[in-house]
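Please read the structure below before turning to the comments.
Numbering (this note's numbering), first residue to last: 3 to 304.
Shown next, in the form of structure tokens:
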């Protein structure tokens, strides 16, 4: 028997050996792709839940185009460029305001400034120079090299009043807008990177994007699992005019996902029930025409 196997192996041509090697590679690839993932969080490349979108201004769920044929399930606008923190418009505040290195860290009042800063701001005049005009004469006189501490500053109350107004009316609204812009920018970069990966520019292995509907949860000791019950393959594209990222369903049938449940059934007692439920689910989707939409509950509720 061994001798016969050896003869057969020797009789193989290089083309046959390459074919067998290719078949083995395809089989290994299929086994790797069919590996059951029990937790949706194990898909580490990209994962986004609907509740996470609620905090992202500039994202929009479901956009039915006027032609009635093109449905966009998710649109993420291209984020605007960052803006610098607003400068104070009060000359009483400007010399005392210190903006930190971190953009979103609230600015503080400094403990002390020199006289030159107050003179440059226009609230004081240089006592060593002649006052020109009545407007300068009524300003408090100060030496440029004077050290002025805020705690003993004669106009401290005015500085603190202007600081409170600046924070309420300028900095806080700007910071809120900047946080929203950054959330949008982070999501946009993630999706744009995914677009590059799906086009083959960053990874060699093929990448697919699916939209999950519902979440099946199994809570067993040591083997918790959570996975979408229905998945729909989707396309991801970038609008060439606006730069917005769009996700739309592909013209393919949705898939019932119950493999994760069967894989947790080590004894095999309920595997048949899971397969039966999966078969019924496919039949219901076929009866509905295969058009599943997360925005139309009647398309998936059965």
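Glycine included, C-beta positions come from ideal geometry on N, C-alpha and C.
Chain-order list of residues whose beta-carbon lies under 6 Å from that of residue i (same chain, five-residue window excluded)
i           : result
residue 169 : none
residue 247 : 78, 193 and 240
residue 208 : none
residue 304 : 286
residue 92  : 164
residue 55  : 61
residue 171 : none
residue 21  : none
residue 15  : none
Beta-carbon proximity check, residue i vs residue j, cutoff 9 Å
i           : j           : result
residue 226 : residue 236 : no
residue 255 : residue 287 : yes
residue 120 : residue 97  : yes
residue 302 : residue 232 : yes
residue 182 : residue 60  : yes
residue 100 : residue 177 : no
residue 213 : residue 199 : no
residue 146 : residue 125 : no
DSSP three-state assignment for residue i, whether helix, strand or coil
i           : result
residue 97  : helix
residue 80  : coil
residue 263 : helix
residue 171 : helix
residue 244 : coil
residue 158 : helix
residue 16  : helix
residue 118 : helix
residue 182 : helix
residue 61  : strand
residue 231 : coil
residue 283 : helix
residue 201 : coil
residue 34  : Caution applies to residue 34, whose pLDDT of 48 falls short of 50 and renders its modelled position unreliable; the value that the coordinates give is listed next. If DSSP states are grouped into helix, strand and coil, residue 34 belongs with the helices.
residue 250 : strand
residue 45  : coil
residue 123 : helix
residue 163 : helix
residue 56  : coil
residue 145 : coil
residue 214 : strand
residue 220 : strand
Buried/exposed call for residue i, threshold 16 Cβ in 10 Å
i           : result
residue 297 : exposed
residue 58  : buried
residue 191 : exposed
residue 51  : exposed
residue 127 : buried
residue 186 : buried
residue 189 : buried
residue 294 : buried
residue 18  : exposed
Whole-Å CB distance - residue i paired with residue j, under 8 Å assumed
i           : j           : result
residue 228 : residue 39  : So it is not a contact: roughly 11 Å between Cβ atoms.
residue 1   : residue 80  : With the chain running from 3 to 304 in the structure shown, residue 1 is simply not present.
residue 84  : residue 180 : 7 Å
residue 162 : residue 144 : So it is not a contact: roughly 20 Å between Cβ atoms.
residue 116 : residue 151 : 11 Å between Cβ atoms; not a contact.
residue 48  : residue 215 : The Cβ separation is near 17 Å, so there is no contact.
residue 230 : residue 238 : Not a contact, Cβ separation roughly 17 Å.
residue 73  : residue 251 : 7 Å
residue 224 : residue 258 : Between residue 258 and residue 224 the Cβ distance is about 26 Å, and since that is not below 8 Å, they are no contact.
Neighbourhood of residue i by C-beta, 8 Å cutoff - its chain only, sequence neighbours within 5 removed
i           : result
residue 267 : 273 and 276
residue 82  : 183
residue 173 : 87, 88, 108 and 109
residue 95  : 161, 164, 165 and 168
Own chain, CB closer than 7 Å to residue i, minus 5 neighbours either side, in chain order
i           : result
residue 260 : 276, 279 and 280
residue 264 : 273, 276 and 277
residue 64  : 75 and 297
residue 114 : 149, 150, 151 and 152
residue 290 : 301
residue 118 : 146
residue 242 : none
residue 5   : Note that residue 5 has pLDDT 32, beneath the 50 cutoff, so the model's placement of it is unreliable and the number below is only indicative. Cβ within range, chain order: n/a, list empty.
Residue i Cβ short of 8 Å to the ligand PLP heavy atom set
i           : result
residue 210 : With respect to the ligand PLP, the structure offers nothing, as it holds no ligand at all.
Any chain D beta carbon closer than 9 Å to residue i
i          : result
residue 56 : The structure shown contains no chain D; it holds only a single protein chain.
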